[in-house]
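K.L.:
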Amino acid sequence: MGEKLKVYSASFTSFYYFGGAIIGALVGTRLKFPLFFLVFPVVLALFKRPKLGLFVLILMLSNITLVNNLEFPTKNMEFVGTVKMVQNGSSILQLSFFDGEKWRGLGVDVLIYKEEPLGTIVYFVGELRKRSSYPIYYAKTDYYVTANNYETFVSSVFAQFEKFRKFSTVVEPFYQNLFGNSSRDENFIKSGLFHIFCVSGMHVSLLYLFTSYIVGILTYRKGLRTVFSLFLPTVFVIGSGMGLPSLRALIMLYVAGLLRILDYKINAVNVVSLVGTGMVLANPEIVFSLSFYMTFFATIGVLISENNLLSNIGGFLGSAPYVSLINPVNPFSIIATILVSIPVQVLLFGLTISYLLFTLKLYYLSALLLYALKPFSWFIETVAIVFAKFPLIPQHPVVTFAFAMSFITYIGLVFESKKQKQELS
(Lines of atoms letter the chains of each structure in order from A and count residues from 1; the text may use other names and numbers.)
(Lines give C-alpha, C1' and ligand atoms only; values in the text may rest on other atoms or scores of the structure.)
Protein backbone atom coordinates (compact mmCIF):
# COMPACT_ATOMS: atom_id res chain seq x y z
CA MET A 1 0.00 0.00 0.00
CA GLY A 2 2.74 2.44 1.04
CA GLU A 3 4.77 1.50 -2.01
CA LYS A 4 1.89 2.33 -4.33
CA LEU A 5 1.47 5.73 -2.74
CA LYS A 6 5.16 6.37 -3.32
CA VAL A 7 4.77 5.62 -7.03
CA TYR A 8 1.99 8.16 -7.40
CA SER A 9 3.75 10.84 -5.35
CA ALA A 10 6.61 10.74 -7.89
CA SER A 11 4.32 10.85 -10.92
CA PHE A 12 5.25 14.32 -12.16
CA THR A 13 9.02 14.42 -11.67
CA SER A 14 9.76 15.04 -15.37
CA PHE A 15 7.10 17.75 -15.49
CA TYR A 16 9.10 19.54 -12.80
CA TYR A 17 12.16 19.56 -15.10
CA PHE A 18 10.04 20.55 -18.09
CA GLY A 19 8.93 23.62 -16.16
CA GLY A 20 12.57 24.46 -15.42
CA ALA A 21 13.46 24.32 -19.12
CA ILE A 22 10.61 26.69 -20.01
CA ILE A 23 11.46 29.14 -17.22
CA GLY A 24 15.12 29.23 -18.25
CA ALA A 25 14.30 29.98 -21.91
CA LEU A 26 11.75 32.67 -21.04
CA VAL A 27 14.17 34.36 -18.64
CA GLY A 28 16.77 34.21 -21.42
CA THR A 29 14.83 36.80 -23.42
CA ARG A 30 15.70 39.35 -20.74
CA LEU A 31 18.65 37.93 -18.82
CA LYS A 32 21.40 35.52 -19.92
CA PHE A 33 23.21 33.65 -17.16
CA PRO A 34 27.04 33.54 -17.38
CA LEU A 35 28.61 30.13 -17.97
CA PHE A 36 30.18 29.95 -14.51
CA PHE A 37 26.66 29.74 -13.06
CA LEU A 38 26.72 26.08 -14.15
CA VAL A 39 28.71 25.39 -11.00
CA PHE A 40 25.54 25.81 -8.89
CA PRO A 41 23.89 22.54 -10.05
CA VAL A 42 27.12 20.70 -9.21
CA VAL A 43 27.17 22.22 -5.73
CA LEU A 44 23.53 21.26 -5.16
CA ALA A 45 24.22 17.69 -6.28
CA LEU A 46 27.19 17.46 -3.89
CA PHE A 47 24.97 18.63 -1.03
CA LYS A 48 22.56 15.75 -1.71
CA ARG A 49 20.02 17.78 -3.63
CA PRO A 50 20.25 15.94 -6.99
CA LYS A 51 16.67 16.69 -8.13
CA LEU A 52 17.04 20.38 -7.40
CA GLY A 53 20.51 20.35 -8.98
CA LEU A 54 19.14 18.77 -12.17
CA PHE A 55 16.30 21.30 -12.23
CA VAL A 56 18.77 24.20 -12.01
CA LEU A 57 21.04 22.60 -14.64
CA ILE A 58 18.17 22.27 -17.12
CA LEU A 59 17.06 25.83 -16.39
CA MET A 60 20.60 27.13 -16.97
CA LEU A 61 21.11 25.18 -20.20
CA SER A 62 17.86 26.38 -21.79
CA ASN A 63 18.73 29.93 -20.77
CA ILE A 64 22.28 29.84 -22.12
CA THR A 65 21.45 28.13 -25.43
CA LEU A 66 18.56 30.46 -26.34
CA VAL A 67 19.50 32.57 -29.39
CA ASN A 68 17.80 35.88 -28.70
CA ASN A 69 19.65 38.39 -30.88
CA LEU A 70 21.35 37.66 -34.21
CA GLU A 71 24.00 40.03 -35.48
CA PHE A 72 25.35 40.10 -39.04
CA PRO A 73 28.18 42.13 -40.66
CA THR A 74 25.80 43.71 -43.20
CA LYS A 75 22.06 44.24 -43.48
CA ASN A 76 21.54 42.04 -46.55
CA MET A 77 23.06 38.59 -46.23
CA GLU A 78 23.10 35.40 -48.29
CA PHE A 79 21.17 32.48 -46.83
CA VAL A 80 20.72 28.90 -48.02
CA GLY A 81 18.94 25.94 -46.49
CA THR A 82 16.07 23.51 -46.76
CA VAL A 83 12.38 23.46 -45.88
CA LYS A 84 12.09 21.38 -42.70
CA MET A 85 8.38 21.93 -42.02
CA VAL A 86 5.35 23.14 -43.95
CA GLN A 87 2.45 25.19 -42.59
CA ASN A 88 -0.59 26.74 -44.24
CA GLY A 89 0.81 29.44 -46.51
CA SER A 90 4.32 29.38 -45.02
CA SER A 91 7.40 27.22 -44.47
CA ILE A 92 9.98 26.81 -41.70
CA LEU A 93 13.58 26.79 -42.89
CA GLN A 94 16.83 25.39 -41.53
CA LEU A 95 19.46 27.83 -42.79
CA SER A 96 23.13 28.65 -43.11
CA PHE A 97 24.48 32.12 -43.89
CA PHE A 98 27.61 33.38 -45.67
CA ASP A 99 29.72 35.59 -43.39
CA GLY A 100 32.02 36.79 -46.18
CA GLU A 101 34.47 33.92 -45.86
CA LYS A 102 32.51 30.72 -45.27
CA TRP A 103 29.03 29.32 -44.73
CA ARG A 104 27.97 29.02 -41.09
CA GLY A 105 24.95 27.34 -39.51
CA LEU A 106 22.37 29.83 -38.27
CA GLY A 107 21.21 27.85 -35.24
CA VAL A 108 17.57 29.01 -35.24
CA ASP A 109 14.53 28.20 -37.35
CA VAL A 110 13.31 30.88 -39.75
CA LEU A 111 9.83 31.44 -41.15
CA ILE A 112 9.22 32.39 -44.75
CA TYR A 113 5.78 33.43 -45.93
CA LYS A 114 5.80 31.06 -48.89
CA GLU A 115 4.56 27.48 -48.86
CA GLU A 116 7.23 25.27 -50.41
CA PRO A 117 7.33 21.46 -50.69
CA LEU A 118 9.10 19.65 -47.88
CA GLY A 119 12.83 19.27 -48.54
CA THR A 120 13.02 22.12 -51.09
CA ILE A 121 16.38 23.93 -51.23
CA VAL A 122 15.92 27.67 -50.65
CA TYR A 123 18.46 30.41 -51.42
CA PHE A 124 17.77 34.06 -50.78
CA VAL A 125 19.43 37.41 -50.22
CA GLY A 126 17.84 39.59 -47.58
CA GLU A 127 17.54 40.08 -43.84
CA LEU A 128 15.98 38.38 -40.84
CA ARG A 129 13.43 40.23 -38.74
CA LYS A 130 12.09 39.36 -35.30
CA ARG A 131 8.54 38.37 -34.50
CA SER A 132 6.74 37.63 -31.24
CA SER A 133 6.06 33.91 -31.70
CA TYR A 134 7.83 30.79 -32.98
CA PRO A 135 9.82 30.94 -35.19
CA ILE A 136 11.07 34.18 -33.67
CA TYR A 137 12.67 35.24 -36.99
CA TYR A 138 11.18 35.58 -40.45
CA ALA A 139 12.89 36.23 -43.79
CA LYS A 140 12.53 39.55 -45.63
CA THR A 141 13.91 38.71 -49.07
CA ASP A 142 15.23 40.86 -51.91
CA TYR A 143 16.16 37.88 -54.06
CA TYR A 144 14.64 34.42 -53.69
CA VAL A 145 15.05 31.16 -55.60
CA THR A 146 14.29 27.50 -54.91
CA ALA A 147 15.44 24.15 -56.26
CA ASN A 148 13.80 20.77 -55.89
CA ASN A 149 15.53 18.74 -58.58
CA TYR A 150 16.68 16.11 -56.09
CA GLU A 151 14.77 13.52 -54.12
CA THR A 152 14.96 12.22 -50.57
CA PHE A 153 12.74 9.70 -48.84
CA VAL A 154 10.89 12.40 -46.89
CA SER A 155 10.39 14.67 -49.90
CA SER A 156 9.19 11.77 -52.08
CA VAL A 157 6.64 10.69 -49.45
CA PHE A 158 5.42 14.27 -49.13
CA ALA A 159 5.13 14.64 -52.91
CA GLN A 160 3.16 11.41 -53.05
CA PHE A 161 0.84 12.70 -50.34
CA GLU A 162 0.24 15.86 -52.37
CA LYS A 163 -0.88 13.70 -55.29
CA PHE A 164 -3.08 11.68 -52.96
CA ARG A 165 -4.68 14.81 -51.54
CA LYS A 166 -5.74 15.88 -55.01
CA PHE A 167 -6.93 12.32 -55.74
CA SER A 168 -9.01 12.16 -52.53
CA THR A 169 -10.48 15.64 -53.04
CA VAL A 170 -12.16 14.43 -56.23
CA VAL A 171 -14.09 11.91 -54.13
CA GLU A 172 -14.75 14.19 -51.12
CA PRO A 173 -13.29 17.72 -50.67
CA PHE A 174 -13.60 17.33 -46.90
CA TYR A 175 -10.78 14.75 -46.77
CA GLN A 176 -8.03 17.27 -47.37
CA ASN A 177 -8.92 18.97 -44.06
CA LEU A 178 -7.42 16.02 -42.21
CA PHE A 179 -4.27 15.88 -44.33
CA GLY A 180 -2.54 19.23 -44.05
CA ASN A 181 -5.02 21.69 -45.57
CA SER A 182 -6.94 22.95 -42.55
CA SER A 183 -10.41 24.17 -43.41
CA ARG A 184 -11.46 27.69 -42.50
CA ASP A 185 -15.11 26.72 -42.77
CA GLU A 186 -17.11 28.89 -40.36
CA ASN A 187 -19.16 25.90 -39.20
CA PHE A 188 -16.02 24.19 -37.89
CA ILE A 189 -14.90 27.36 -36.11
CA LYS A 190 -18.27 28.22 -34.54
CA SER A 191 -18.99 24.62 -33.52
CA GLY A 192 -15.69 24.42 -31.64
CA LEU A 193 -14.45 21.58 -33.86
CA PHE A 194 -11.78 23.56 -35.66
CA HIS A 195 -9.02 22.08 -33.45
CA ILE A 196 -9.84 18.63 -34.87
CA PHE A 197 -9.24 19.80 -38.43
CA CYS A 198 -5.82 21.34 -37.82
CA VAL A 199 -3.06 18.80 -38.40
CA SER A 200 -1.75 18.60 -34.84
CA GLY A 201 -0.50 16.41 -32.07
CA MET A 202 -4.08 15.42 -31.32
CA HIS A 203 -4.41 13.98 -34.84
CA VAL A 204 -1.29 11.88 -34.40
CA SER A 205 -2.20 10.67 -30.92
CA LEU A 206 -5.73 9.67 -31.95
CA LEU A 207 -4.46 7.87 -35.06
CA TYR A 208 -1.95 6.03 -32.88
CA LEU A 209 -4.61 4.95 -30.38
CA PHE A 210 -7.02 3.74 -33.04
CA THR A 211 -4.25 1.91 -34.93
CA SER A 212 -3.11 0.35 -31.67
CA TYR A 213 -6.65 -0.86 -31.03
CA ILE A 214 -6.88 -2.46 -34.50
CA VAL A 215 -3.40 -4.03 -34.26
CA GLY A 216 -4.24 -5.29 -30.76
CA ILE A 217 -7.03 -7.38 -32.25
CA LEU A 218 -4.54 -9.04 -34.60
CA THR A 219 -1.64 -9.64 -32.21
CA TYR A 220 -0.93 -9.54 -28.48
CA ARG A 221 2.85 -9.38 -28.90
CA LYS A 222 3.95 -6.11 -27.33
CA GLY A 223 6.84 -5.36 -29.69
CA LEU A 224 4.89 -5.98 -32.90
CA ARG A 225 1.89 -4.07 -31.58
CA THR A 226 4.03 -1.03 -30.76
CA VAL A 227 5.91 -1.04 -34.09
CA PHE A 228 2.80 -1.44 -36.25
CA SER A 229 0.91 1.13 -34.16
CA LEU A 230 3.60 3.72 -34.90
CA PHE A 231 3.83 2.98 -38.64
CA LEU A 232 0.69 4.80 -39.81
CA PRO A 233 1.25 7.88 -37.60
CA THR A 234 4.79 8.13 -38.99
CA VAL A 235 3.56 8.03 -42.59
CA PHE A 236 0.86 10.56 -41.72
CA VAL A 237 3.30 13.04 -40.12
CA ILE A 238 5.76 12.93 -43.03
CA GLY A 239 3.09 13.20 -45.68
CA SER A 240 1.18 16.02 -44.00
CA GLY A 241 4.24 18.26 -44.03
CA MET A 242 6.08 17.33 -40.82
CA GLY A 243 4.29 20.14 -39.03
CA LEU A 244 5.86 21.05 -35.73
CA PRO A 245 2.90 20.03 -33.50
CA SER A 246 2.43 16.64 -35.18
CA LEU A 247 6.19 15.97 -35.22
CA ARG A 248 6.43 16.69 -31.49
CA ALA A 249 3.57 14.30 -30.76
CA LEU A 250 5.17 11.58 -32.90
CA ILE A 251 8.46 11.86 -31.00
CA MET A 252 6.55 11.61 -27.73
CA LEU A 253 4.80 8.46 -28.99
CA TYR A 254 8.11 6.91 -30.07
CA VAL A 255 9.59 7.47 -26.62
CA ALA A 256 6.47 6.05 -24.96
CA GLY A 257 6.61 3.04 -27.32
CA LEU A 258 10.28 2.39 -26.61
CA LEU A 259 9.69 2.50 -22.86
CA ARG A 260 6.73 0.15 -23.25
CA ILE A 261 8.84 -2.37 -25.19
CA LEU A 262 11.53 -2.19 -22.49
CA ASP A 263 8.88 -2.75 -19.78
CA TYR A 264 9.87 0.52 -18.16
CA LYS A 265 6.85 1.69 -16.22
CA ILE A 266 6.39 5.43 -16.53
CA ASN A 267 3.19 7.40 -16.83
CA ALA A 268 2.16 9.55 -19.79
CA VAL A 269 2.84 12.84 -17.99
CA ASN A 270 6.45 11.83 -17.40
CA VAL A 271 6.93 10.56 -20.96
CA VAL A 272 5.56 13.70 -22.59
CA SER A 273 7.40 15.95 -20.11
CA LEU A 274 10.68 14.15 -20.76
CA VAL A 275 10.34 14.62 -24.51
CA GLY A 276 9.16 18.21 -24.05
CA THR A 277 12.23 18.98 -21.93
CA GLY A 278 14.51 17.56 -24.60
CA MET A 279 12.75 19.63 -27.28
CA VAL A 280 13.18 22.85 -25.31
CA LEU A 281 16.87 22.14 -24.69
CA ALA A 282 17.41 21.34 -28.38
CA ASN A 283 15.44 24.35 -29.60
CA PRO A 284 14.67 26.83 -26.76
CA GLU A 285 12.76 29.22 -29.02
CA ILE A 286 9.79 26.83 -29.18
CA VAL A 287 8.71 28.17 -25.77
CA PHE A 288 7.25 31.06 -27.79
CA SER A 289 4.99 28.70 -29.72
CA LEU A 290 1.39 28.47 -28.52
CA SER A 291 0.97 25.26 -30.53
CA PHE A 292 3.84 23.70 -28.55
CA TYR A 293 1.91 23.96 -25.30
CA MET A 294 -1.33 22.92 -26.98
CA THR A 295 0.33 19.81 -28.42
CA PHE A 296 1.99 19.04 -25.09
CA PHE A 297 -1.18 19.10 -23.00
CA ALA A 298 -3.44 17.62 -25.69
CA THR A 299 -1.04 14.67 -26.04
CA ILE A 300 -1.05 14.17 -22.27
CA GLY A 301 -4.86 14.29 -22.31
CA VAL A 302 -5.02 11.62 -25.02
CA LEU A 303 -2.38 9.27 -23.61
CA ILE A 304 -3.48 9.22 -19.97
CA SER A 305 -7.05 8.30 -20.92
CA GLU A 306 -8.19 4.72 -20.58
CA ASN A 307 -10.29 4.33 -23.74
CA ASN A 308 -10.90 5.94 -27.13
CA LEU A 309 -13.87 8.01 -25.95
CA LEU A 310 -12.06 9.45 -22.93
CA SER A 311 -8.96 10.09 -25.05
CA ASN A 312 -10.95 12.53 -27.17
CA ILE A 313 -12.26 14.29 -24.07
CA GLY A 314 -8.73 14.47 -22.67
CA GLY A 315 -7.34 15.81 -25.95
CA PHE A 316 -10.11 18.40 -26.15
CA LEU A 317 -9.60 19.61 -22.57
CA GLY A 318 -5.83 19.74 -23.08
CA SER A 319 -6.11 21.98 -26.13
CA ALA A 320 -9.18 24.00 -25.09
CA PRO A 321 -7.37 26.63 -22.94
CA TYR A 322 -5.16 27.58 -25.88
CA VAL A 323 -7.95 27.47 -28.46
CA SER A 324 -9.93 29.84 -26.21
CA LEU A 325 -7.09 32.35 -26.45
CA ILE A 326 -7.49 32.49 -30.23
CA ASN A 327 -11.23 32.10 -30.91
CA PRO A 328 -14.55 32.53 -29.08
CA VAL A 329 -15.65 29.32 -27.37
CA ASN A 330 -18.71 27.21 -28.06
CA PRO A 331 -19.79 25.93 -24.60
CA PHE A 332 -21.24 22.77 -26.21
CA SER A 333 -18.12 21.99 -28.23
CA ILE A 334 -17.10 19.16 -25.89
CA ILE A 335 -20.35 17.37 -26.78
CA ALA A 336 -19.63 17.89 -30.49
CA THR A 337 -16.11 16.57 -29.93
CA ILE A 338 -17.45 13.41 -28.28
CA LEU A 339 -19.92 12.85 -31.13
CA VAL A 340 -17.28 13.09 -33.87
CA SER A 341 -14.45 11.42 -31.94
CA ILE A 342 -14.81 7.89 -33.32
CA PRO A 343 -15.66 9.04 -36.89
CA VAL A 344 -12.54 11.22 -36.92
CA GLN A 345 -10.37 8.30 -35.81
CA VAL A 346 -11.94 6.03 -38.44
CA LEU A 347 -11.30 8.68 -41.11
CA LEU A 348 -7.67 9.20 -40.09
CA PHE A 349 -7.06 5.44 -40.14
CA GLY A 350 -8.96 4.87 -43.40
CA LEU A 351 -7.37 7.80 -45.23
CA THR A 352 -3.87 6.67 -44.29
CA ILE A 353 -4.64 3.13 -45.49
CA SER A 354 -6.11 4.60 -48.69
CA TYR A 355 -2.88 6.55 -49.18
CA LEU A 356 -0.81 3.36 -48.87
CA LEU A 357 -3.03 1.68 -51.49
CA PHE A 358 -2.60 4.74 -53.71
CA THR A 359 1.19 4.51 -53.29
CA LEU A 360 1.09 0.85 -54.32
CA LYS A 361 -0.83 2.00 -57.43
CA LEU A 362 -3.96 0.15 -56.36
CA TYR A 363 -6.02 3.16 -57.38
CA TYR A 364 -9.40 1.41 -57.57
CA LEU A 365 -9.08 -0.04 -54.08
CA SER A 366 -7.91 3.35 -52.79
CA ALA A 367 -10.89 5.11 -54.37
CA LEU A 368 -13.27 2.41 -53.14
CA LEU A 369 -12.10 2.96 -49.56
CA LEU A 370 -12.49 6.73 -49.97
CA TYR A 371 -16.09 6.29 -51.09
CA ALA A 372 -16.71 3.92 -48.16
CA LEU A 373 -15.51 6.63 -45.75
CA LYS A 374 -17.89 9.31 -47.08
CA PRO A 375 -20.69 8.64 -44.51
CA PHE A 376 -18.24 9.48 -41.72
CA SER A 377 -17.30 12.80 -43.31
CA TRP A 378 -20.97 13.63 -43.89
CA PHE A 379 -21.73 12.91 -40.23
CA ILE A 380 -18.88 15.16 -39.03
CA GLU A 381 -19.98 18.01 -41.29
CA THR A 382 -23.58 17.63 -40.09
CA VAL A 383 -22.50 17.82 -36.44
CA ALA A 384 -20.47 20.96 -37.24
CA ILE A 385 -23.47 22.60 -38.95
CA VAL A 386 -25.80 21.82 -36.02
CA PHE A 387 -23.45 22.96 -33.24
CA ALA A 388 -22.42 26.08 -35.16
CA LYS A 389 -25.92 27.42 -34.42
CA PHE A 390 -25.27 27.55 -30.65
CA PRO A 391 -24.13 30.86 -29.06
CA LEU A 392 -20.43 31.53 -28.48
CA ILE A 393 -18.65 32.71 -25.33
CA PRO A 394 -16.34 35.68 -26.10
CA GLN A 395 -12.59 35.34 -25.52
CA HIS A 396 -11.74 36.13 -21.91
CA PRO A 397 -9.01 35.10 -19.42
CA VAL A 398 -11.71 33.71 -17.12
CA VAL A 399 -12.81 31.28 -19.86
CA THR A 400 -9.23 30.18 -20.43
CA PHE A 401 -8.73 29.69 -16.69
CA ALA A 402 -11.95 27.66 -16.44
CA PHE A 403 -10.80 25.32 -19.22
CA ALA A 404 -7.37 24.99 -17.61
CA MET A 405 -8.92 24.03 -14.26
CA SER A 406 -11.21 21.56 -16.03
CA PHE A 407 -8.17 19.87 -17.58
CA ILE A 408 -6.33 19.73 -14.24
CA THR A 409 -9.44 18.25 -12.61
CA TYR A 410 -9.72 15.68 -15.43
CA ILE A 411 -6.08 14.59 -14.94
CA GLY A 412 -6.65 14.31 -11.19
CA LEU A 413 -9.73 12.14 -11.70
CA VAL A 414 -7.95 9.85 -14.18
CA PHE A 415 -4.98 9.30 -11.87
CA GLU A 416 -7.24 8.80 -8.87
CA SER A 417 -9.19 6.18 -10.84
CA LYS A 418 -5.96 4.38 -11.82
CA LYS A 419 -4.74 4.55 -8.23
CA GLN A 420 -7.93 2.95 -6.90
CA LYS A 421 -7.77 0.19 -9.53
CA GLN A 422 -4.17 -0.54 -8.62
CA GLU A 423 -5.02 -0.70 -4.91
CA LEU A 424 -7.92 -3.05 -5.56
CA SER A 425 -5.75 -5.34 -7.66
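Position one of the sequence shown corresponds to residue 2 (our numbering), numbered consecutively onward. Glycine residues also receive a C-beta, built at the ideal position from the N, C-alpha and C atoms.
For the pair the region 23 to 34 and the region 60 to 75, tell me if three or more CB-CB distances fall below 8 Å.
P.N.:
The region 23 to 34, when compared against the region 60 to 75, does touch it at the 8 Å Cβ threshold.
K.L.:
Determine the DSSP secondary structure at LEU233, reduced to helix, strand or coil.
P.N.:
By 1-based counting over the sequence shown, the position of residue 233 is 232. Helix at LEU233.
K.L.:
Just checking, does the region 327 to 344 make contact with the region 386 to 399 on the three C-beta pairs under 8 Å criterion?
P.N.:
With a cut-off of 8 Å, the region 386 to 399 and the region 327 to 344 count as touching, because enough Cβ pairs lie within range.
K.L.:
Any contact of the region 115 to 129 with the region 44 to 56, i.e. 3+ C-beta pairs under 8 Å?
P.N.:
No, the region 115 to 129 is not in contact with the region 44 to 56.
K.L.:
Could you name the residues of the same chain whose beta carbon sits closer than 7 Å to that of VAL288, not counting the 5 residues immediately before and after it, in chain order?
P.N.:
Counting from 1 along the sequence shown, the entry for residue 288 is found at position 287. Result list for VAL288: ILE23, ALA26, LEU27 and VAL281, in chain order.
K.L.:
Pull the bridge partners of LYS141 from the DSSP assignment, please.
P.N.:
Within the sequence shown, the letter at position 140 stands for residue 141. Answer is GLU128.
K.L.:
Over the uninterrupted beta strand (DSSP E) stretch that includes GLY82, give me the two end residues.
P.N.:
Residue 82 sits at position 81 when you count from the first residue of the sequence shown. Counting along the chain, the beta strand (DSSP E) containing GLY82 begins and ends at 78 to 88.
K.L.:
Alpha carbon to alpha carbon, how far is TYR221 from VAL270?
P.N.:
The count along the sequence shown starts at 1 and reaches residue 221 at position 220. The count along the sequence shown starts at 1 and reaches residue 270 at position 269. When rounded, the distance between both Cα atoms is 25 Å.
K.L.:
So, does the region 355 to 366 touch the region 333 to 343, judging by three or more C-beta pairs under 8 Å?
P.N.:
No, the region 355 to 366 does not touch the region 333 to 343.
K.L.:
Taking DSSP's pairing of strands, which residues face VAL123 in a bridge?
P.N.:
Position 122 of the sequence shown, counting from 1, holds the residue named residue 123. Answer is GLY82 and THR147.
K.L.:
Is it true that the CB of PHE298 sits closer than 8 Å to the CB of SER320?
P.N.:
Mapped onto the sequence shown, residue 320 falls at position 319. Mapped onto the sequence shown, residue 298 falls at position 297. The answer is yes: Cβ separation under 8 Å.
K.L.:
Between the C-alpha atoms of ALA148 and VAL81, what's the straight-line distance to the nearest angstrom?
P.N.:
Taking the sequence shown and counting its residues from 1, one reaches residue 148 at position 147. Taking the sequence shown and counting its residues from 1, one reaches residue 81 at position 80. Each residue's alpha carbon lies about 11 Å from the other.
K.L.:
State the Cα-Cα distance for the pair ARG226 and LEU207, rounded to the nearest angstrom.
P.N.:
The count along the sequence shown starts at 1 and reaches residue 226 at position 225. The count along the sequence shown starts at 1 and reaches residue 207 at position 206. Whole-angstrom Cα-Cα distance: 16 Å.
K.L.:
For LEU194 versus LEU231, is the C-beta spacing smaller than 8 Å?
P.N.:
Counting from 1 along the sequence shown, the entry for residue 194 is found at position 193. Counting from 1 along the sequence shown, the entry for residue 231 is found at position 230. No; because the gap between Cβ atoms is not below 8 Å, this pair is not in contact.
K.L.:
What residue from VAL205, ASN268 and VAL40 has the CA that sits closest to LEU251's CA?
P.N.:
One-based indexing of the sequence shown puts residue 251 at position 250. The option with the nearest alpha carbon to LEU251 is VAL205.
K.L.:
Out of curiosity, what's the CA-to-CA distance linking VAL172 and ARG166?
P.N.:
The residue you call residue 172 lines up with position 171 of the sequence shown. The residue you call residue 166 lines up with position 165 of the sequence shown. Whole-angstrom Cα-Cα distance: 10 Å.
K.L.:
What span of residues does the alpha helix (DSSP H) with PHE416 cover, start to end?
P.N.:
Here the question's residue 416 lines up with position 415 in the sequence shown. Here the alpha helix (DSSP H) through PHE416 covers 398 to 425.
K.L.:
Whose C-alpha, out of ALA140, GLY90 and LEU259, is nearest the C-alpha of ASP110?
P.N.:
By 1-based counting over the sequence shown, the position of residue 110 is 109. The option with the nearest alpha carbon to ASP110 is ALA140.
K.L.:
Are the beta-carbon atoms of LEU96 and SER156 separated by less than 8 Å?
P.N.:
Residue mapping note: residue 96 aligns to position 95 of the sequence shown, counting from 1. Residue mapping note: residue 156 aligns to position 155 of the sequence shown, counting from 1. Going by C-beta atoms, LEU96 is not nearer than 8 Å to SER156.
K.L.:
With the cut-off set at 8 Å, would you say LEU275 and VAL256 are in Cβ contact?
P.N.:
For the purposes of this step, residue 275 is taken as residue 274 along the sequence shown, with counting starting at 1. For the purposes of this step, residue 256 is taken as residue 255 along the sequence shown, with counting starting at 1. Yes, Cβ-Cβ distance for LEU275 and VAL256 is below 8 Å.
K.L.:
Looking only at C-alpha atoms, which of SER292, LEU371 and LYS103 sits nearest to PHE175?
P.N.:
Numbered from its first residue, the sequence shown carries residue 175 at position 174. Comparing Cα positions, the closest option is LEU371.
K.L.:
Say whether the region 364 to 383 touches the region 340 to 348, bearing in mind that this needs 3 or more beta-carbon pairs closer than 8 Å, one atom from each stretch.
P.N.:
Yes, since at least three Cβ pairs between the region 364 to 383 and the region 340 to 348 fall closer than 8 Å, the two stretches touch.
K.L.:
Thinking C-beta only, is ILE239 closer than 8 Å to THR158?
P.N.:
Against the sequence shown, residue 158 aligns to sequence position 157. Against the sequence shown, residue 239 aligns to sequence position 238. Per the sequence shown, residue 158 should be read as Val rather than Thr. Cβ atoms of VAL158 and ILE239: closer than 8 Å.
K.L.:
Quick check: the Cα distance between GLN421 and MET406, rounded to an integer number of angstroms?
P.N.:
Position 420 of the sequence shown, counted from the first residue, corresponds to residue 421. Position 405 of the sequence shown, counted from the first residue, corresponds to residue 406. So the two alpha carbons sit approximately 22 Å from each other.
K.L.:
Where does VAL68 fall in DSSP's three states?
P.N.:
Reading the sequence shown from its first residue, position 67 is the one you call residue 68. In the structure shown, VAL68 sits in coil (DSSP, three-state: anything other than H, G, I, E or B).
K.L.:
Which residues share a DSSP beta bridge with GLN95?
P.N.:
By one-based count along the sequence shown, residue 95 stands at place 94. Looking at the DSSP assignment, GLN95 forms a beta bridge with THR83 and ASP110.
K.L.:
Can you tell me which of VAL57, ALA389 and TYR138 puts its alpha carbon nearest to the alpha carbon of LEU45?
P.N.:
Taking the sequence shown and counting its residues from 1, the one referred to as residue 45 is at position 44. When each option's Cα is compared against that of LEU45, the closest is VAL57.
K.L.:
Go to TYR18, then tell me how far its alpha helix (DSSP H) extends in each direction, as first and last residue.
P.N.:
Within the sequence shown, residue 18 is the residue found at index 17, counting from 1. That run of the alpha helix (DSSP H) goes 14 to 29.
K.L.:
Can you look up ARG226 in the DSSP assignment and give me helix, strand or coil?
P.N.:
Residue numbering aside, residue 226 sits at position 225 when the sequence shown is read from its first letter. In this structure, ARG226 counts as helix in the three-state DSSP scheme.
K.L.:
Following a CB-centred definition, is SER63 positioned closer than 7 Å to any heavy atom of the ligand COA?
P.N.:
As presented, the structure is devoid of all ligands, the ligand COA included, so that no description of it is given.
K.L.:
Could you name the residues that DSSP lists as bridge partners for ILE394?
P.N.:
Within the sequence shown, numbered from 1, the residue matching residue 394 stands at position 393. DSSP lists VAL330 as partners of ILE394.
K.L.:
Going by DSSP, what residue range makes up the alpha helix (DSSP H) through LYS115?
P.N.:
Taking the first residue of the sequence shown as 1, we reach residue 115 at position 114. Taken as a continuous stretch (DSSP letters only), LYS115 belongs to no alpha helix (DSSP H), as it is neither H nor E.
K.L.:
ILE215: buried (16+ other C-beta within 10 angstroms of its C-beta) or exposed?
P.N.:
Against the sequence shown, residue 215 aligns to sequence position 214. Its Cβ having fewer than 16 others within 10 Å, ILE215 is exposed.
K.L.:
Just confirm the distance between the C-beta atoms of GLU116 and VAL87, as a whole number of angstroms; I'd bet it's less than 8 Å.
P.N.:
Position 115 of the sequence shown holds residue 116. Position 86 of the sequence shown holds residue 87. With a Cβ gap of about 6 Å, GLU116 and VAL87 count as contacting.
K.L.:
For GLU382, count the other beta carbons within 10 Å of its own beta carbon; 16 or more makes it buried, fewer makes it exposed. Which is it?
P.N.:
Locating residue 382 in the sequence shown gives position 381, where the first residue counts as 1. Classification for GLU382: buried.
K.L.:
Just verifying my parser: in three-state terms, what is the DSSP assignment at ARG249?
P.N.:
By one-based count along the sequence shown, residue 249 stands at place 248. Helix.
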